[in-house]
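>
Protein chains: 2
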Amino acid sequence: MGGRREEILEAALAIADERGLDGVSMRAVAERVGVTPMALYRHVGGKAELLDAMVGHLLSALLPPDRSRDRQEPQRWDERLAALARAVRAMVRRHPWAAPLLFSRPAVTPDAVRAVDVIYDALIEAGVPDREVPRLERLLSTFVIGFAASEVSGRFTSGDPDPRGHRGSHPEGGFPAHARLTPWLRLPADLATEFEADLDDVLRLIEAAAGR
Amino acid sequence: MGGRREEILEAALAIADERGLDGVSMRAVAERVGVTPMALYRHVGGKAELLDAMVGHLLSALLPPDRSRDRQEPQRWDERLAALARAVRAMVRRHPWAAPLLFSRPAVTPDAVRAVDVIYDALIEAGVPDREVPRLERLLSTFVIGFAASEVSGRFTSGDPDPRGHRGSHPEGGFPAHARLTPWLRLPADLATEFEADLDDVLRLIEAAAGR
DNA sequence: GCCCATAGGTATACAGTGTAGACGTATACA
DNA sequence: TGTATACGTCTACACTGTATACCTATGGGC
Chain A
1318 MGGRREEILE
1328 AALAIADERG
1338 LDGVSMRAVA
1348 ERVGVTPMAL
1358 YRHVGGKAEL
1368 LDAMVGHLLS
1378 ALLPPDRSRD
1388 RQEPQRWDER
1398 LAALARAVRA
1408 MVRRHPWAAP
1418 LLFSRPAVTP
1428 DAVRAVDVIY
1438 DALIEAGVPD
1448 REVPRLERLL
1458 STFVIGFAAS
1468 EVSGRFTSGD
1478 PDPRGHRGSH
1488 PEGGFPAHAR
1498 LTPWLRLPAD
1508 LATEFEADLD
1518 DVLRLIEAAA
1528 GR
Chain B
1318 MGGRREEILE
1328 AALAIADERG
1338 LDGVSMRAVA
1348 ERVGVTPMAL
1358 YRHVGGKAEL
1368 LDAMVGHLLS
1378 ALLPPDRSRD
1388 RQEPQRWDER
1398 LAALARAVRA
1408 MVRRHPWAAP
1418 LLFSRPAVTP
1428 DAVRAVDVIY
1438 DALIEAGVPD
1448 REVPRLERLL
1458 STFVIGFAAS
1468 EVSGRFTSGD
1478 PDPRGHRGSH
1488 PEGGFPAHAR
1498 LTPWLRLPAD
1508 LATEFEADLD
1518 DVLRLIEAAA
1528 GR
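In order, the protein sequence lines correspond to chains A and B.
Using this note's numbering, the letters of the first sequence map in sequence onto residues 1318 to 1529.
Using this note's numbering, the letters of the second sequence map in sequence onto residues 1318 to 1529.
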């Protein structure tokens, strides 16, 4: 059975959560499973395939079990999209190592396609013309993944922490707009509410695209 | 002088362009410079710092030389933002290896801060309230970098190439929205015009935020 | 009972990685 | 002349992914 494969995957996930993606070496995974490194190759094709399987595993937990055909979806389209977006962000925050992989690996696993289908469905219900649906799906998912990736990789938080002394303006007027915005740049930027505001804006963008 | 450091950087850039980011090993760079691997450590602190310097080098070429105070910026705010966005996309397409690094390394180099300042300035001119400017800068840059990264890493192009036989619907009605959109999913998705359409939408989003 | 194919695991080995540490040398300044 | 500093080399270490070869236990057909 594929029980062993599952065991390997769980071990790799645990190591990634504990020690980061760099900690996931074939030897480390093998040791955790209690087996020789080369034994892994019988179950996963290699390191690349192992990484793919890891993100696939995470994606499979994104959506609730597929009862979408049994019962009517309760929420409005925008609430469904927002819920999915929040789920992605939460997943990336729990497993920061997954962020770079989400960009490189295309969504080909059945679970990933299922998620895309949920987005398509919501966009159609929103009134987006069929022709525009794939584009707006890519726009939305790019933003959500990009936000989460930026967040966990420090691209947002460590940006420009009061540069060059505590006065607002840079030496010799280097960055005038920064100077003017100093009071707002000083705040630590609550990323949870920022995500909600962004999400709101993007959903309005979709509404606008639907009404054309 | 730092001439040697520049030489090392150029060598690393050239290797990344030719053989990808994985080709950039200390040994490879050293060989190209004509020196022993350990000699690099006198000029760049280590591999991580080398990578940082590489993206810094690319960013420094993004904006025209700083004459922003000599002459008035000619274009409207939205044209300026669009130009910068297109420049980022072009840069990533020319140097695909840079995409993942742009997400992880925060914008702390002077050139990066200068680019952010340009965006701030445009957003202010657009009429965005000061309080909202940093957020919308992050939203815009996240989208632009995310789009470019997705594009060069194959997240867009290799998505679902007519899955499971050439009929639109999946076996046993797995993905209804996919089925409905089949005609549009079949097109190869012109990413250049898609980028322009997205950009247009995001700039409208900014306009909407300005008018509140 | 016998035989053998197959699945799963092990041992060894190879080429490559980043970099710590010790050592050398040449130039510039006191 | 002496010495400090910048720059480079050499060696070595602890890793990485994985190709290859070998071993072992289990199950099915005869």
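Ideal Cβ positions, reconstructed from N, Cα and C, are used throughout, including at glycine.
Quantities reported herein were computed from a predicted structural model and do not represent experimental measurements.
(1) Would you kindly work out how many angstroms separate the C-alpha atoms of VAL1346(B) and ALA1416(A), rounded to a whole number?
(2) Unbroken alpha helix (DSSP H) runs of length 4 or more, entirely within the stretch 1493-1519 of chain A: which are they?
(3) Does the stretch 1370-1380 of chain A come close enough to the stretch 1405-1414 of chain A that 3 or more CB-CB pairs lie under 8 Å?
(4) When DSSP labels each residue in this structure, what does PRO1478(A) get in the three-state scheme?
(5) When the cut-off is 7 Å and only beta carbons count, does GLU1524(B) lie next to chain A?
(6) Helix, strand or coil: which one does DSSP assign to ARG1455(A)?
(7) Mind listing which residues of the stretch 1448-1479 of chain B have their C-beta closer than 7 Å to chain A's C-betas, in chain order?
(8) Please classify GLY1444(B): does DSSP put it in a helix, a strand, or coil?
(9) State the CB to CB distance for the pair VAL1445(B) and ALA1527(B), rounded to an integer number of angstroms; the pair is presumed to be in contact (CB under 8 Å).
(10) By how many angstroms is the C-alpha of PRO1451(B) removed from the C-alpha of LEU1502(A)?
(11) Can you give the beta carbon distance from TRP1394(A) to ALA1439(A), rounded, assuming they're within the 8 Å contact cut?
(12) What does a CB cutoff of less than 7 Å around ALA1429(B) pick up in its chain, not counting 5 residues either side in sequence?
(13) Return the residue from the list ARG1422(B), VAL1405(B) and ILE1441(B) that minimises the CA-CA distance to SER1458(B).
(14) In whole angstroms, give me the CA-to-CA distance for ILE1544(B) and VAL1425(B).
(15) Assign ASP1517(B) to buried or exposed, taking buried as 16 or more other Cβ atoms, counted over all protein chains shown, within 10 Å of its Cβ.
(16) Are the C-beta of HIS1313(A) and some C-beta of chain B separated by less than 7 Å?
(17) Taking the alpha carbon of PRO1500(A) as the reference point, which residue from SER1421(B), ALA1443(B) and ARG1448(B) has its own alpha carbon closest?
(18) Going straight from the alpha carbon of LEU1522(A) to that of ALA1514(A), what length do you get?
(19) Taking only beta-carbon positions, decide if PRO1381(A) is within less than 7 Å of chain B.
(20) For the alpha helix (DSSP H) containing PHE1473(B), name the first residue and the last one.
(21) Three-state secondary structure (DSSP) at ARG1410(B)?
(22) Roughly how many whole angstroms lie between the Cα atoms of PHE1464(B) and LEU1453(A)?
(23) Below 7 Å between beta carbons: does that hold for ALA1494(B) and TYR1437(A)?
(24) Return yes when the Cβ of PHE1460(B) is within less than 7 Å of the Cβ of VAL1519(B), no when it is not.
(25) Counting only beta-carbon separations shorter than 7 Å, does LEU1375(A) have a partner in chain B?
(26) Is GLU1531(A) close to chain B? Criterion is C-beta to C-beta, closer than 7 Å.
(27) Assuming HIS1360(B) and ARG1422(B) are in contact, meaning their beta carbons sit under 8 Å apart, how far apart are those beta carbons, in whole angstroms?
(28) Can you tell me which of the three DSSP states ALA1370(B) falls into?
(29) How about ALA1328(B) and ARG1344(B): are their beta carbons less than 7 Å apart?
(30) What are the boundary residues of the alpha helix (DSSP H) that ARG1321(A) is part of?
To lay it out plainly:
(1) 28 Å
(2) 1493-1503
(3) yes
(4) Low confidence applies here, because PRO1478(A) scores a pLDDT of 47, under 50, leaving its location unreliable and the question unanswered by this model.
(5) No, GLU1524(B) lies away from the interface with chain A (no Cβ there is under 7 Å from its Cβ).
(6) helix
(7) ARG1448, VAL1450, PRO1451, ARG1452, ARG1455, LEU1456, THR1459, PHE1460, ILE1462, GLY1463, PHE1464, ALA1466, SER1467, SER1470, GLY1471, ARG1472, PHE1473, SER1475, GLY1476 and ASP1477
(8) The DSSP-derived three-state label of GLY1444(B) is coil.
(9) 5 Å
(10) 7 Å
(11) 4 Å
(12) LEU1376
(13) VAL1405(B)
(14) The question about residue 1544(B) has no answer here: the residues shown for chain B are numbered 1318 through 1529.
(15) exposed
(16) Here chain A comprises residues numbered 1318 to 1529, so residue 1313(A) is not present and cannot be evaluated.
(17) ARG1448(B)
(18) 12 Å
(19) no
(20) Taken as a continuous stretch (DSSP letters only), PHE1473(B) belongs to no alpha helix (DSSP H), as it is neither H nor E.
(21) helix
(22) 12 Å
(23) Taking the C-beta atoms as reference points, TYR1437(A) is found nearer than 7 Å to ALA1494(B).
(24) yes
(25) no
(26) Only positions 1318 to 1529 of chain A appear in the structure, and residue 1531(A) is not among them; the question remains open.
(27) 19 Å between Cβ atoms; not a contact.
(28) helix
(29) Not a contact, by the Cβ cut-off of 7 Å.
(30) 1320-1336
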